[in-house]
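Which chain is which? The protein sequence lines are A and B, in order. The first sequence maps to residues 130 to 763 in the working numbering. The second sequence maps to residues 962 to 1820 in the working numbering. Worksheet: one structure, shown below.
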Amino acid sequence: MMNREEFDRLVRQVEAGVGRNHAALRRRAAGLAFLGYAGLLTWLLLVLLIAAGFFSGLVWADAEGKIFCGLAGLLVLGLGGWASLRILLVRLTPPKGRAITRAEAPALFAELDDLRARLRAAPFHEVLLSAEFNAGVVQMPRLGVLGWPRNCLILGLPLLDALSPAEMRAVLAHEFAHLSRAHGRLSHWLYRLRRSWEETFRQFARPQVRGTLSLRPLTAKFVDWFWPRFNAHAFVLSRANEYEADAHAARLAGAPHLAAALVRLQTLTRLLDQRLWPGLWQLTHTLPAPPDDLLARLRDGLRAGATPEDRARWTEEAFRTASTNSDTHPCLSERLSALQVPPVPPADTAAAASPSAAETLLGPALDGLRRDVQEFWRKEAGPQWREQHARAAAFSDRLASLDRAVPAAAVNLESLWDKAHALLSLRDHAAAAPLLREILARRADHAPANFQLGRLLLDAGDAEGVAHLERAMAANEELVPEACGLLHHHHRQLGHTDRLHALAVRLDRHEKELAASRAERTAVTAADTFLPHGLAAPELEALRRTFAAEPELARAELAQKELKHFTHQRLFVLCVRRQPAWHRLQDAEQDRALTRRLTQGVRLPGRVLVFPPTGGFRALARKLRHVAGSAVWP
Amino acid sequence: MPSTVNGIGTHYYGQKNLQRRPGPCPHCGRAVELTSYDTRLWFVVVFIPVIPLGRKRIIDKCPSCTRHFAVDADKWETSKQLEVSGAEEKFRTNPTPENAATVHQQLVNFHQFDEAAAFRQKTGEQFPDSAMLQAYFGDALTHFGKLDEAAPYYARALALRPDLPAARAGVADGHIRAGRLDEAGPLLEFLAKPGAAQLYPLAPLERLGLAYQKAGRHADALAVFTKLLEALPKLSDHKGFRAMVQKSEKALGRKDTMLPKKKFSWRGLFSRSATPARSGTVSGARALFILGVLLALLALGFTIGNEYIRRHRTLHFVNAYAQPATVEIVGTGVSQKVGRHESVVLPEGKYHALISGPVKQELDFEVSAPYFSRWSDDPAWVLNIGGDAVLLRRAVTYRHDPPPASLEFHFGQPFELIANVTHPFTGLPETVQMKEGESRILVDLQLYEGDGASLLGYFLDQKDPGRALDVAEHWLRPHLEDETVLRLYVATAQREKAAARADAYLGDGLAARPVRTAWHRVYQGLHDTTAGHAALLAKYDALLAAAPADSALLYLRGRIDGNRAATRDFFERAARADARNPYPVFGLAFDRMAAGDWAGARPLFAQVLALQPKDLGYENSLVLARLALGEAAAVEQETRERLRHDATSILLVVRLVDALAAQDHRAEALQACDAFAQVAAKHGASGQTAAAAVRRHALYALGDFAALEKAAGGGSAPEKTDRTLALIEQGRLAEAVKALPASANDDEPLVLALALAAAWRQTGDTTEADRWLAQARNILAAGNPDYVQAAAWLGAAAPPTAAAAQDVAVSPNLKALLLVAVIAWHPEARAELAPLARRLNVERAFPFHFVQRATTPAP
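And the structure:
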């Protein structure tokens, strides 16, 4: 599977190569799309060919042959076809929400009809109202990777509450542009196909469940090869598509409204993610079930808006955020620049607009719809809420028992970490932070504490968190992916594009090296490269003292294996040779006994392999003799 | 795992560095003592290690199911040293409880339990206040089944940190095992609190519930189960959990259950538990699909093969007629000229054939086989022209000690499917390469190339006269002049009371032209009786009238004429009409022979034989004439010469014996028999039977009747006949009468009756003599006109004259016996008739000696 760095390199290659010619890029992406279909349909085609072979027997075979061929053909077609289609028919989770009818919201549908007509967009099969702060068109392919989409427009009620009608029109126009049949039909098709396949192949990569009959692994290798290549081409095309969609939206709704919508979306997303939602989930500590007025609370929170400090920081970060290859949407500044709007935040974008798009477009039905969406969300989030509630109760109990069991005077590192962990789980970050600092005061390299404190600091916009995360990664390699994710998010918000690239490279290298280093550090063969041992004189002296205690030891050769990954821990190989008495033959068992004794006695600054020059180690022993300075005994 | 088949395969030998530990087997799940050791894998033959395949480390071998993990011993050692030393080095540079736990984990991972124990001791002192480390040691030891060793670590951890969940659970588990449930309960209270399942595994709570149940504390058990169900509602679907709860509820006599009603699910009936597949393993479904594709391709290949077979069927044409036949299969473009055997390739289907040539026939037939049998069966479709070819299907078993081939004759069907023929119309191999002990049956199908008489004999030996008649009728259609088969056919038909069938069959062939002489002769034999003679004459007069110059008809008309002079005239006319027609010449020769004029007969026989050199009957007649004329020595030489090339010929050896007997070379005659017996012995039972028959013939020819009686002691019909003859020759007539065979062929009853009549007369028993004479007369009276004429001699008031006797056309030996019988009743005619009888008495078979004695001139 291609990693991020390789994917980024591929995207850059596409941009620098075929991407400069938009038509050629379209053709190349379309060719890849057809190749994808062909690859995915290979098994189905094979099954169809075999079945056709049998069915052709219905023409030329005799009566019994016709029966046999017919049954065999049906069997192959039925079982093989079913198995092949199962590869392709990936079950995607359909979008959820409260379906709105034309009668309930005539203004909304009038707006949608108008935009659809202007952009000659495909019709929607369904319009859903959800509790998310988002709006989007979801195409659910009825035939998995084969397509035949069902178009669904999802409108988040909080988004409708936040944006003005004109801003909402701009957002909708942007989404409709992706379905447009007016311009760049092939580009739009490829854009939609990429989004559809992205979700499909994500499902594809999910671990298989034992006991279920699935032949997906048969196609997985092809998907691993094909998807990054198609994705890279389609990605470049999709980014251009986003600009095109913005242009359409600006044409239909006005560039200032689109710009205001983009800025407001950025600010209010941070408000929701960092202030409103955490506050609402905090209620799980006290409420066993989700509250009845969640959406009203969100609406009120959006109307109240961010504090001036938050607003200033978030707005600044929104303008600093750089584009990455993890999202086809360009960053805010680039989008505004493309719209030829000055990179200055419009006024009053730190709170919900008034009147809101919800009030205008949903009209009198708004309260009823809000109740329905609220109820829908309660049902959806109910299990997770109850789980969180139970978890909070358990952690509260754990905290209480800790306080009871460990008096303040007897607090040690372990109990401190246990307490901090419980507080972090209860999202009581304010209480957890001092404990984490205390832990680090006692042991500066405590990896989990560094990680958690770094995360809290970065959430608060404190760059000191970077250092803690670095320390966490240094102490525990397993934390690298998660810590890199946090750092990536942080640097992106601050517009540190150079660091973003370095982080992506680091993460890729880590993932690649993790498996390679494990293989490298747990095996030694004669094919490896060996270096002089490089021990300091005192270390060598200590080693010789250990050797001196073994009268049977005749010779010893020491070298260091050349490591390519995670070189901080060295790997030594030590060949020990026994001098048997003149009247005895070589005894492999005696050799192994000597090796066992030395294994327990030898202490070197790294991993050590002690072995006799017999059996499977003969070649290794021969090679070791040729390493400069390897003879360390006598 | 190593495995052997019949002692050949792979096997472990040797055990070093043996380690044992109690624990559950990861394969069968039983609680056992698992062993780990170093060993060597060998390739073994009869369990003797032959080739070393490498040192192995056997890990956790289960004594119950014997399954285990095996790794290369060197790789294991390398990995162990590197991982342990790596963890130790990290711990040395950063001695934290976490790193200590890592070192310990590596030690136990590689089964270094002693080193792990020492390490625990050391680090326990190094980190006395680390409850987490103590609890970890407890967990690690518990995982490896060392529960007693784990307990103090848990206890120490609990003392340090009474809140530590792992310590509480570990100590509680110890209490549960010791039965101290009241002490375990409070320690596990934290697990019973809401939300605990989100943070901790509830297995200790389940163990507590089970312990309560085991202790009979069902109320407490149910309380625990209730907590478990509240924390994990999906447990209500778990079969085992439901059984546990129901057990306690039943023990408490509760009617209402705390368990929710289980929902029925069809999917649940069929789905297996969903557990993640192991990475790197080929999923069953994938293998199944690949297998399915391969099977489907294989099935498709078989289907195509089946269709190819269906479209390429071989149809064989066989023709027993001398004239080639032409077979046209309508609508296929096939028009095949068939000599003996031809074949064409056709697709299966229904066909219409037009046959022309020796037989004109139209035929509808279908070449078809069941679909699935096409892959395995070896059918042979045969279009048999007129149904008259005889096919021999021979199933031969190839093995070390093969049984005789199984034979099957097919005839009479114009179209026939003959199943399981591996070699249609091709010879079977002499040898076949097979595995030792293997047996294989190959089947060929050939046109029958033997003679017709043997074919009939086969069916008669099989006691199937009906099939014998059937095969004779089919055989005779293409073999019109096979008089042997014709006579056998008529004789069999008469014996089986099927004379009408034979009459009808033969009658159908009378109108055929050119005239089938042999056919007519047999037909005449069937009708030339006293009652039928006039009609037969009229029939042939009519036939002759239609073709007065037809040599064959002239001959046939002449041979049924009662007047010998007229007969001779017809024969001479016939011979003149067609010089190549052997029958009238033979008739004239026979006429001379019957008159005892061997010198006159001899050139005529020679002439006939020149016309039909392969006819054994003509040859025998010539030999008889030569023996009569004293050419025995020449016959002997010629016969010996021919025997050198054909040592198995019964005819030749009998002829040699006769020639030697004629020269009174007794010893040489018996030597000839012995030599033949040696040759015949190679041909099994049939050869031995033939040799015995030749010897009996020789004994009679040499006049050794006592030896003949002894040699004919068996129970077969020929032996019974020979024994009867020996007794007659020895004058033991009463015994001879008792020994008479039940059935006899041809003239045998007549000869026996005549001999017995004459013999009884010679003894003076007139009653018996008259009885046998009457019997002989009756037989003669039922015969042809010559026989009828001869019958008149017997019991007549006056004996025939020698001239009259000469004019009756019966075989010389029979006429000699007739004359002996006449002499017995008319001794006064002896002087006139005895010389004629002796002249006729040439053939050295019964009644040669009887006639010789009866006609010996008085001294």
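Yeah, the Cβ is synthetic: ideal placement off N, Cα and C, and Gly gets one too.
Residue i, DSSP secondary structure in three states
i	result
residue 229/A	coil
residue 1660/B	helix
residue 189/A	helix
residue 1017/B	strand
residue 277/A	coil
residue 1545/B	helix
residue 972/B	strand
residue 458/A	coil
residue 1318/B	coil
residue 1297/B	strand
residue 1052/B	helix
residue 1341/B	strand
residue 1745/B	coil
Chain A contact for residue i (CB, 9 Å cutoff)
i	result
residue 1391/B	no
residue 1110/B	no
residue 1012/B	no
residue 1474/B	no
residue 1187/B	no
residue 1046/B	yes
residue 1091/B	yes
Nearest-angstrom Cβ-Cβ length linking residue i and residue j, presumed shorter than 8 Å
i	j	result
residue 1152/B	residue 1166/B	5 Å
residue 598/A	residue 614/A	Rounded, the Cβ-Cβ distance is 10 Å, inconsistent with contact.
residue 1406/B	residue 1341/B	5 Å
residue 246/A	residue 309/A	The pair is not a contact, with the Cβ atoms about 11 Å apart (cut-off 8 Å).
residue 103/A	residue 621/A	No answer is possible for residue 103/A: it lies beyond the span of chain A, which begins at 130 and ends at 763.
Residue i: first and last residue of the uninterrupted beta strand (DSSP E) it sits in
i	result
residue 798/A	In this structure chain A extends from 130 to 763, so residue 798/A is not present and cannot be described.
residue 1325/B	1322-1328
residue 1568/B	Per DSSP, residue 1568/B belongs to no beta strand (DSSP E); it is in the alpha helix (DSSP H), 1559-1572.
residue 1277/B	1274-1279
residue 1302/B	1302-1307
residue 1371/B	1367-1371
residue 269/A	264-270
residue 991/B	From DSSP, residue 991/B is part of no beta strand (DSSP E); its letter is neither H nor E.
residue 1025/B	Looking at the DSSP string, residue 1025/B is not in any beta strand (DSSP E), and its letter there is neither H nor E.
Run of the alpha helix (DSSP H) containing residue i, from where it starts to where it stops
i	result
residue 1634/B	1627-1642
residue 1697/B	1694-1699
residue 1720/B	1709-1724
Counted within 10 angstroms of its Cβ, other Cβ atoms place residue i as buried (16 or more) or exposed
i	result
residue 1395/B	exposed
residue 1296/B	exposed
residue 402/A	exposed
residue 459/A	buried
residue 704/A	buried
residue 457/A	buried
residue 152/A	exposed
residue 1478/B	buried
residue 976/B	exposed
Below-9 Å beta-carbon distance, residue i vs any chain B residue
i	result
residue 535/A	yes
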